[in-house]
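Visitor: According to the working numbering, the sequence shown is numbered sequentially starting from 580.
Where a beta carbon is used, it is the ideal one built from N, C-alpha and C, also for glycine.
This structure is in structure tokens; I'll ask about it shortly.
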Amino acid sequence: MHSHLFRRTVATTAGALLALGGTAACAQDGGDGSADDATVGVVAAFYPLQFLAERIGGDAVTVTGLAPPGAEPHDLELSPRQVGEVSDADLVVYLSGFQPAVDAAVEQEAGDHAFDVVEVEPLLDATDGGHSHDHDGADEHPEEDGHGSEEEPADDHTDEADDHAEETGAKDPHLWLDPTRFATVGDALAERLATVAPDHAADFTARAATLRTELAALDTEYTERLADCERREIITSHAAFGYLAARYQLDQIGITGLSPEDEPTPQRLAEVIEEAREHQATTIFFETLVSPSVAETIADETGTETAVLDPIEGLQPDADGDYFSVMHNNLNNLTAALGCS
Numbered sequence: 580m581h582s583h584l585f586r587r588t589v590a591t592t593a594g595a596l597l598a599l600g601g602t603a604a605c606a607q608d609g610g611d612g613s614a615d616d617a618t619v620g621v622v623a624a625f626y627p628l629q630f631l632a633e634r635i636g637g638d639a640v641t642v643t644g645l646a647p648p649g650a651e652p653h654d655l656e657l658s659p660r661q662v663g664e665v666s667d668a669d670l671v672v673y674l675s676g677f678q679p680a681v682d683a684a685v686e687q688e689a690g691d692h693a694f695d696v697v698e699v700e701p702l703l704d705a706t707d708g709g710h711s712h713d714h715d716g717a718d719e720h721p722e723e724d725g726h727g728s729e730e731e732p733a734d735d736h737t738d739e740a741d742d743h744a745e746e747t748g749a750k751d752p753h754l755w756l757d758p759t760r761f762a763t764v765g766d767a768l769a770e771r772l773a774t775v776a777p778d779h780a781a782d783f784t785a786r787a788a789t790l791r792t793e794l795a796a797l798d799t800e801y802t803e804r805l806a807d808c809e810r811r812e813i814i815t816s817h818a819a820f821g822y823l824a825a826r827y828q829l830d831q832i833g834i835t836g837l838s839p840e841d842e843p844t845p846q847r848l849a850e851v852i853e854e855a856r857e858h859q860a861t862t863i864f865f866e867t868l869v870s871p872s873v874a875e876t877i878a879d880e881t882g883t884e885t886a887v888l889d890p891i892e893g894l895q896p897d898a899d900g901d902y903f904s905v906m907h908n909n910l911n912n913l914t915a916a917l918g919c920s
């Protein structure tokens with residue numbers, strides 16, 4: 580068992596022995612915290628990883644998310660308290676290269692109790708603000724192993740933004756938008772949790788298997804409902820949907836690149852407006868955690884509608900859904916925008 584968990588368990592046992600020597604009231608007062616202290620303390624860098632840890636860990640883990648609801652996680656800054664949580668955790672689940680502040684805290688504080696998603700599921704190269712194509716082998720959806728294609732989405736268009744992405748080696752972190760890749764990360768997380776809390780290994784494995792089944796069903800629904808559509812181009816506020824585009828043979832046209840905070844140049848706006856007209860787009864997609872103003876500007880110029888396509892980097896503070904409900908809402912909006920039958 581990991582040393583952090585061992586220390587908490589020893590403290591819990593000592594507290595219980597002291598309580599036996601006190602009054603019944605004192606024993607009752609001290610009992611509320613012992614169950615929490617005996618669980619595995621997991622820190623998750625942002626929402627999809629928090630969702631994964633909670634689903635697989637169940638009541639054997641206590642999960643703390645670093646990115647608060649409603650916050651855009653890319654440029655998250657950590658408070659001293661959060662850095663302390665990284666240091667004290669039994670396991671830190673993060674995705675290196677996505678959140679610099681988290682990377683720094685993990686490097687300085689996490690030691691050997693870090694689980695890096697990138698080591699499980701390598702990231703695709705990003706086309707920074709450009710297009711994602713994967714029309715070859717449209718029916719080649721991996722089955723048993725749950726992996727998506729290891730090919731980067733092919734790029735039929737070339738512009739300065741794409742060239743910049745290739746030169747800098749930018750990677751797209753949004754792998755959770757491909758349910759098969761997300762399932763693979765879940766399986767690996769179950770294995771890692773089992774090394775921290777071996778007594779719960781069977782439960783972790785069972786929960787990961789259940790989650791994989793649910794994700795496979797989601798993947799099937801996406802595949803079937805996006806199979807026959809009038810168009811396959813999706814115009815998005817930033818280029819966060821490369822995995823979704825590659826998995827389901829869509830063409831992503833990102834208004835900006837990987838950072839949702841970037842502002843498009845006038846030239847880029849003109850290019851997107853031209854492509855929206857060329858492809859007879861009906862919808863310009865925006866996100867819940869960033870301003871819709873640019874999407875609305877393009878929609879006004881092209882006479883199209885706007886709708887949400889959520890990269891699920893985080894949830895709104897008042898959201899009552901989860902990863903699956905957002906993915907289903909995304910699918911409904913996609914099928915409406917693309918004219919799928």
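Under 7 Å Cβ to Cβ from Y801, same chain only, skipping five residues before and after it: list those, please.
Guide: Residue mapping note: residue 801 aligns to position 222 of the sequence shown, counting from 1. Here the set comprises Y827, L910.
Visitor: Report yes if the C-beta distance between V671 and V662 is below 7 Å; otherwise report no.
Guide: Working through the sequence shown from its first residue, we reach residue 671 at position 92. Working through the sequence shown from its first residue, we reach residue 662 at position 83. Not in contact: V671 and V662 (Cβ atoms no closer than 7 Å).
Visitor: Within a Cβ cutoff of 8 Å, which residues of the same chain sit near S872, ignoring the five residues on either side of it in sequence?
Guide: As a first step, residue 872 is located in the sequence shown; it is residue number 293 there, counting from the start. Nothing listed; no residue qualifies.
Visitor: Report the rounded CA-to-CA distance for I863 versus D667, giving the unit in angstroms.
Guide: By 1-based counting over the sequence shown, the position of residue 863 is 284. By 1-based counting over the sequence shown, the position of residue 667 is 88. Using only the alpha carbons, I get a separation of about 44 Å.
Visitor: Pull up the DSSP beta-bridge partners for I863, would you.
Guide: In the sequence shown, residue 863 corresponds to position 284, counting from 1. DSSP lists I814, T885 as partners of I863.
Visitor: Looking only at C-alpha atoms, which of L823, T774, C919 sits nearest to D990?
Guide: As shown, the chain starts at 580 and ends at 920. That puts residue 990 outside it, with no answer to give.
Visitor: I need the straight-line Cα distance from R804 to E884, nearest angstrom please.
Guide: As a working mapping, residue 804 is identified with position 225 in the sequence shown. As a working mapping, residue 884 is identified with position 305 in the sequence shown. Each residue's Cα considered, the two are about 21 Å apart.
Visitor: Can you grab the Cα-Cα spacing for the pair A824 / Q831, in whole Å?
Guide: If you number the sequence shown from 1, residue 824 lands on position 245. If you number the sequence shown from 1, residue 831 lands on position 252. Taking the straight line from one Cα to the other gives about 6 Å.
Visitor: D807: buried (16+ other C-beta within 10 angstroms of its C-beta) or exposed?
Guide: As a first step, residue 807 is located in the sequence shown; it is residue number 228 there, counting from the start. Looking at its Cβ environment, which holds fewer than 16 other Cβ atoms inside 10 Å, D807 is exposed.
Visitor: Just the Cα atoms here: how many angstroms apart are V622 and D669?
Guide: Along the sequence shown, read from residue 1 onward, the residue named residue 622 stands at position 43. Along the sequence shown, read from residue 1 onward, the residue named residue 669 stands at position 90. Going from the Cα of V622 to the Cα of D669 covers about 8 Å.
Visitor: Given that a residue counts as buried once 16 or more other Cβ atoms are within 10 Å of its Cβ, and exposed if not, what is T799?
Guide: Here residue 799 corresponds to residue number 220 of the sequence shown, with the count starting at 1. With fewer than 16 other Cβ atoms from the protein chains shown falling within 10 Å of its own Cβ, T799 counts as exposed.
Visitor: Over the uninterrupted beta strand (DSSP E) stretch that includes Q831, give me the two end residues.
Guide: The count along the sequence shown starts at 1 and reaches residue 831 at position 252. Element bounds for Q831: 830–835.
Visitor: Once the 5 residues before and after A769 are set aside, which same chain residues still bring their CB inside 6 Å of it?
Guide: Position 190 of the sequence shown, counted from the first residue, corresponds to residue 769. Around A769: I635, F783, T784, A787.
Visitor: Within the continuous beta strand (DSSP E) that includes D682, where are the two ends?
Guide: The residue given as residue 682 occupies position 103 in the sequence shown. Here D682 belongs to no beta strand (DSSP E); instead the alpha helix (DSSP H) covers 679–684.
Visitor: Quick one: which unbroken alpha helix (DSSP H) runs of 4-plus residues sit fully inside the stretch 887–914? Chain order, please.
Guide: none
Visitor: Check whether the Cβ atoms of T835 and L888 lie closer than 7 Å to each other.
Guide: What you label residue 835 is simply residue 256 of the sequence shown in a count that begins at 1. What you label residue 888 is simply residue 309 of the sequence shown in a count that begins at 1. No; because the gap between Cβ atoms is not below 7 Å, this pair is not in contact.
Visitor: Which one of P648, E688, L837, Q678 has the shortest CA to CA distance from D704?
Guide: Translated into positions along the sequence shown, residue 704 becomes position 125. Of the candidates P648, E688, L837, Q678, the residue whose Cα lies closest to the Cα of D704 is L837.
Visitor: For G893 and P652, which I take to be in contact (beta-carbon distance under 8 Å), what is that distance rounded to the nearest angstrom?
Guide: On the sequence shown, position 314 is the one that residue 893 refers to. On the sequence shown, position 73 is the one that residue 652 refers to. A Cβ-Cβ separation of about 6 Å places G893 in contact with P652 under the 8 Å criterion.
Visitor: State the beta-bridge partners of D667 as determined by DSSP.
Guide: Indexing the sequence shown from 1 puts residue 667 at position 88. Partner(s): none; D667 has no beta bridge.
Visitor: Pick helix, strand or coil for L674, following the three-state DSSP scheme.
Guide: As a working note, residue 674 is residue 95 in the sequence shown. DSSP places L674 in coil when its eight states are reduced to three.
Visitor: What residues match up with F694 in a beta bridge as DSSP calls it?
Guide: Reading the sequence shown from its first residue, position 115 is the one you call residue 694. According to DSSP, which records beta bridges pairwise, F694 is partnered with V672.
Visitor: Can you list, in chain order, the residues of its chain with a C-beta nearer than 7 Å to that of V765? Leave out the 5 residues immediately preceding and following it.
Guide: Here residue 765 corresponds to residue number 186 of the sequence shown, with the count starting at 1. A small correction: the amino acid at residue 765 is Gly; Val does not occupy that position in the sequence shown. Excluding positions up to five away in sequence, the list reads L631, I635, A787, L790, R791.
Visitor: Expressed to the nearest angstrom, what Euclidean distance is found between the alpha-carbon atoms of E866 and E842?
Guide: If you number the sequence shown from 1, residue 866 lands on position 287. If you number the sequence shown from 1, residue 842 lands on position 263. One C-alpha to the other measures close to 14 Å.
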